[in-house]
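Protein chains in written order, with full-length UniProt numbering: chain A, 1 to 346; chain B, 1 to 346; chain C, 1 to 346; chain D, 1 to 346.
Every residue, glycine too, gets a C-beta built ideally from N, C-alpha and C.
Only a predicted model underlies this, so the values are computations on that prediction, with no experimental measurement involved.
Worksheet: one structure, shown below.
4 protein chains.
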Amino acid sequence: MFRVALWGATGLAGGELLRLIAGHPNMELACAVSRGRAGQPLGGTHPHLRHAYPSCSFVSPEEAREGEADLAFLALPHGASAEEAGRCLARGQKVVDLSADFRLRDPEAHRRWYGAEVPAPELRGRGVYGLPELHREELRGADLVSGVGCNATAAILALLPLARAGVLEEARVECRVGSSEGGAGGDEGSHHPWRSRALRVVTPFAHRHLGEVCQELGLEEERLTLGVTAVELVRGVQCLAHATLSRPMVEGELWRLYRGAYGEEPFVDLCPARPSHQRIPDPRHVLGSNRVRVGFALAEGGRRILAASALDNLMKGAAGTALQGANLALGLPETRGLDMLPVFPA
Amino acid sequence: MFRVALWGATGLAGGELLRLIAGHPNMELACAVSRGRAGQPLGGTHPHLRHAYPSCSFVSPEEAREGEADLAFLALPHGASAEEAGRCLARGQKVVDLSADFRLRDPEAHRRWYGAEVPAPELRGRGVYGLPELHREELRGADLVSGVGCNATAAILALLPLARAGVLEEARVECRVGSSEGGAGGDEGSHHPWRSRALRVVTPFAHRHLGEVCQELGLEEERLTLGVTAVELVRGVQCLAHATLSRPMVEGELWRLYRGAYGEEPFVDLCPARPSHQRIPDPRHVLGSNRVRVGFALAEGGRRILAASALDNLMKGAAGTALQGANLALGLPETRGLDMLPVFPA
Amino acid sequence: MFRVALWGATGLAGGELLRLIAGHPNMELACAVSRGRAGQPLGGTHPHLRHAYPSCSFVSPEEAREGEADLAFLALPHGASAEEAGRCLARGQKVVDLSADFRLRDPEAHRRWYGAEVPAPELRGRGVYGLPELHREELRGADLVSGVGCNATAAILALLPLARAGVLEEARVECRVGSSEGGAGGDEGSHHPWRSRALRVVTPFAHRHLGEVCQELGLEEERLTLGVTAVELVRGVQCLAHATLSRPMVEGELWRLYRGAYGEEPFVDLCPARPSHQRIPDPRHVLGSNRVRVGFALAEGGRRILAASALDNLMKGAAGTALQGANLALGLPETRGLDMLPVFPA
Amino acid sequence: MFRVALWGATGLAGGELLRLIAGHPNMELACAVSRGRAGQPLGGTHPHLRHAYPSCSFVSPEEAREGEADLAFLALPHGASAEEAGRCLARGQKVVDLSADFRLRDPEAHRRWYGAEVPAPELRGRGVYGLPELHREELRGADLVSGVGCNATAAILALLPLARAGVLEEARVECRVGSSEGGAGGDEGSHHPWRSRALRVVTPFAHRHLGEVCQELGLEEERLTLGVTAVELVRGVQCLAHATLSRPMVEGELWRLYRGAYGEEPFVDLCPARPSHQRIPDPRHVLGSNRVRVGFALAEGGRRILAASALDNLMKGAAGTALQGANLALGLPETRGLDMLPVFPA
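Structural data, given as structure tokens:
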């Protein structure tokens, strides 16, 4: 049994990690950390988990730093994470970070997208970008696992087979996202009268996850745009990549690329070719699970493709992938504790 | 042409009044007041009205107090309204207040429900409760018109015919309300991930509008409860009053009571007896309009009745009724500027 | 490993049973029966389960009757179930029926609420009403387990402690229900433009589940009404029982009743007394799980109580409770395969 | 006062036309035609309009053909419209058709997109494509006005300034649409559990409105794709055109094009350049009105542009534009009866 500490336990990703830890056969909660709600019962903030943690309260950072744990999940704001990561590592804990602090290898890119110097530069070399579909072997036994951006994960997995094959000329990627992307805090835009049924184009071309996408796909930024629209969903990301191929292709060739990339992946499902309206995935079909669905449609002429993916941003886009990383870091089977099936319709 | 000043112009009721004033043939906007956004274009806050007020900006309270107006709508927070009302009246303006400051005649009731002393006690005698269905004659030419609570309006109009006839023994009233009831500001509960599809019982028995309901129906509080549930709506109130009659009645008698009460009312529509699933009104059928629908169903035995109403809380529950009051106060036809039809389905 | 057959496998309760069977450590799917879609892949109808049943197709009733199984779940329309139940029992299979065919012990009550003679009268004595919270001991090893109505389950569990204690004078019960209650088929009312954000009072006083509620609580019908409102939800029932106690009571006494009834129940959670806005449960907090939450609020005077419950109608209101019944019938631990945690916010 | 007949009066576009006719100062309803509901009160089908048409019932086609009218609105299914149009014209009525029967000038294009021969070929030369922003002068006094596709209208108005200037190289256009696009009838996909919160890509590249878009913009089909995603909305279309310019451009030049195209248009509003999150329009800001909002954002490098529009598909996408056309055909001011302001938030 591994003891895991959870930092940032009152947030949405924090709540999702609590759900996962409660159901994990090889993990137990060492502590759930919250500066603002230390001493308060966990069930007050996460009413759906009250019965799973009947007598558990949040603890302060100071208390948490006194306690023991094998691994720490950091669901802290960008910037605050790196500092705590150093402390945890120094105490001999493995760290799975969900923030953006360790995602970008290039300090200049971090500066540009996050408007700040890279935090904890001494740790950067140790962090592994936490997407097992790309970095599985590096993640095994790793000490420091970086989180992934939910939109980045969706975009990367939609385009990876094309990028790897060197046939992706350019793509205009757009993600439709639910309100849980914004976290538990809320801002003016998340006030229900403004957010309900919104189709708000938050950014038309250059969402900050674009940096991750380019890094992981090995593409120059000139080839990609990444737009984000807030839609009427709480959970879920749907990514539509309007891509151009560098040469005309036929369906069979594309199926070989996608099957080759994902045939062995435990959490990636390819959408069927038929019926045609199921080719492009809908995030409702993965709700509450760690699965990601990937599909594509090819236009006449063989050069224009719509490559798409759908995932639950709190699961495969955050807590679920973090748990995959933690399993790998701890030497557990990668899928352990992640076999819940999607809840649909919901 | 009457010149009207609007105080609290950035809020939701304020926005709705701007929509109404823009379409009113006998009113023009003197000023739209906002302390926080003075100098900013009106269309930034109310994008749906940009074209209707192409070159209009908010003004500060100080500027507004220098300007002229025939009538002031006060869509200000409870407490702040009364003070401004006094100033407006002193400048010879008529006042239509949307806050709760002048609703309750009994200072003790105000204290109890709003946790504060009655503001501007010297003005209380002059205010008329602004529900034309109850106080039409007093409202004609009035100087100070009080706003009405949206839930109170719904409950009063559902039960009025029974209360007037003296056959209402008791009622457990519950309102299902949209998120726009909470105003433009937002609180933790209105954060979209918490509010979306919520069925949150905000108060089980004693919403603060109960004071108005008892006052206007002339009933002791022991006879009524008023519960409120926040549901997945932006606009709309549906009121279901689970009432007990003091004696068994038959349908025909009840129809006479309801038709007698509302047959001449320009904005009250009775639901048809058939088809039976249309007896209880749905607020979607009055969206964007000043109409209120009232219906009832009688259980076997003739003593248990479900009396119900539905309205748009920003219209008949706030801005629409306020404009009815303003029309009456200014000597205009009561329905002027209020003939828009509901938008359905939406 | 028990082999289970699923009849009515294309419906919503059928889909939910497929999700549960896939995750159950002691069950495997013998066959998924559909007359209309025999031969078609299961993943076409239930896209969220494609990866869990990668090579499974629906079979015809005729094929299913040739196959072997230890237990049959019948998610068939009312009326069709009883006939198939007889055949399954004759082949030595245990039967868990989700229809209403075996719910009402009194043939007259069945006739009245379902407008038809009781089907398979020879089997009626053998069926056990499948709510473990009421009939746990009878369900152990039972051959024929009846389903439960989702609204009935919600109403029964909200009121059971009061009814058992003999303090329930009367109650006006109302359920707010999601669109999945209507099944996969759809009717005019479920067309999205009509159903979205609806507050449609489907029945004000006498939903057909009232028969079950009275039977199981041992109350005469004169004491209860059961209204149903369709609200903007896909899954979920919230039941609010506006009840009157036969004598004034205090909170502590009520807590003893509710704790006494549910303290040992594995799937019933009592809402906390504080914070007060969490006293009345919201179905969003049990989404996708088999849990039911029960709470209450007592009005001043001690006679008027709001007793409430919330559940996921496809789980605790249908498939989840059916699996509890199947576990008990097969001699398995009651909670086996039902430990998934709620997905929130979603 | 012009007398107008409405064919197809039970549908969603029909209901919207009834709302418009009721509020139009120069029109009165001659008859509301329905084969299936002849004799039934109009308020049963359109409960939100009951008070506006208190004693009006639907009439059969046969009755309607006996009556008199100055103009007929045809909100009939594709194919049925053309036949009735001929009869109406023969009786001397002007016709405003909302179907697709007269939209495409090229019979081959009609065949391809609608899978049928062009109906009423003898009338084709007489029909004018009913988008006043493109064909205002031809519409004045016209006898036969064709309807417009809602998605086509959105796409055309987003791209028109670029196409006219000859700078549009290609565009991948996608529309996000509400459930009212499917009409009042409903199909499996519109069943609420499937449709609620859906992100269903109905067609990735070639929605049938593409024919209209190419015809009206004068572009070859190779340059455009038109995808449609069903989203959680009842009313509304948001069109995002991911376009490539044939040469690098700067913002100022684009503003001149868009202002030049729409500066005088009574129903087209340009989105402001600032704040930047208001550049791309949201259909919630035009709900219930005849307005269309158009905006754009230019990516670095000056070649990639996101050109966008938003409208209410039942208004500017159907009934509203039809009324504009009717006004022009009858010699009335084009905006008559169309000055209602958007309802927001709703």
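Contact belief for residue i with residue j at Cβ below 8 Å, rounded distance in angstroms
i       : j       : result
N290(D) : G178(D) : So it is not a contact: roughly 16 Å between Cβ atoms.
D143(B) : V95(B)  : 7 Å
A346(A) : A346(C) : 6 Å
T321(D) : L131(D) : 7 Å
V167(C) : M249(C) : 7 Å
L160(B) : L217(B) : 7 Å
E174(D) : L240(D) : 6 Å
A307(D) : Q238(D) : Actually they are not in contact, since the Cβ atoms of A307(D) and Q238(D) sit about 12 Å apart, beyond 8 Å.
Within chain B, the residues that residue i reaches when beta carbons sit closer than 7 Å
i     : result
F2(D) : Within 7 Å Cβ-Cβ: nothing; F2(D) doesn't reach chain B, min ~19 Å.
Chain D within 8 Å of residue i, Cβ atoms only
i       : result
H24(C)  : no
L186(C) : According to the sequence shown, residue 186(C) is Gly rather than Leu. With 8 Å as the cut-off, G186(C) counts as an interface residue toward chain D.
is_contact[residue i, chain C] using C-beta, thresh 8 Å
i       : result
L47(A)  : It is worth fixing the name first, because residue 47(A) is Pro in this sequence and not Leu. P47(A) counts as touching chain C.
P204(B) : yes
S180(D) : yes
H277(B) : yes
G16(D)  : One point to set straight first is that residue 16(D) is Glu, not Gly, in the sequence displayed. By this cut-off, E16(D) is not an interface position.
For residue i: DSSP bridge partner residues
i       : result
C175(D) : V228(D), C239(D)
M1(D)   : M1(D) is not bridged to any residue.
I156(A) : I156(A) is not bridged to any residue.
H191(D) : H191(C)
S57(A)  : P41(A)
C31(D)  : A5(D)
R19(C)  : In DSSP, R19(C) forms no bridge with anything.
Y129(B) : S146(B)
F296(C) : A307(C)
T203(D) : V228(D)
F73(C)  : L6(C), V96(C)
Beta-carbon neighbours of residue i, restricted to chain C and to distances below 9 Å
i       : result
M340(A) : G23, G288, M340, L341, V343
Within chain C, the residues that residue i reaches when beta carbons sit closer than 8 Å
i       : result
D269(A) : R50, H51
T153(B) : Going along chain C, no residue has its Cβ under 8 Å from T153(B), so there is no contact; the nearest lies around 17 Å.
Cross-chain neighbours of residue i in chain A, by beta carbon under 7 Å
i       : result
R195(B) : H192
A346(C) : V234, R235, L287, G288, A346
Chain D contact residues for residue i, given Cβ-Cβ distances below 7 Å
i       : result
H285(B) : P47, H48
Under 8 Å by beta carbon: chain A residues contacting residue i
i       : result
P107(C) : Per Cβ cutoff of 8 Å: no residues; P107(C) is ~35 Å from chain A at best.
Closest residue to residue i among the options (Cα-Cα distance)
i       : options                            : result
L219(B) : A82(B), A171(B), L18(B), D269(B)   : A171(B)
E28(B)  : F2(B), P41(B), R19(B)              : F2(B)
L224(C) : H242(C), E232(C), G236(C), V231(C) : H242(C)
E221(D) : E300(A), A273(A), G288(A)          : E300(A)
H285(D) : G44(B), A198(B), A38(B), A308(B)   : G44(B)
S246(B) : E138(B), Y53(B), R303(B), G15(B)   : R303(B)
L323(C) : L42(C), R140(C), R111(C)           : R140(C)
E138(B) : G14(B), V343(B), M315(B), L330(B)  : L330(B)
E253(B) : R235(B), E264(B), R126(B), I305(B) : I305(B)
Proximity test, Cβ basis, 8 Å: residue i and chain B
i       : result
D101(C) : no
R291(D) : yes
Contacts that residue i makes with chain D (C-beta to C-beta distance below 8 Å)
i      : result
L12(C) : P193
Residues that residue i contacts on chain B, provided the C-beta gap is smaller than 8 Å
i       : result
L199(C) : R176, V231, L233, G236, Q238, D282, P283, R284, A310
Contact test: residue i Cβ vs the ligand SAH heavy atom, cutoff 7 Å
i      : result
A75(B) : In the structure on display, the ligand SAH does not appear, and there are no ligands present to speak of.
Min CB distance residue i to chain A below 8 Å
i      : result
R19(C) : yes
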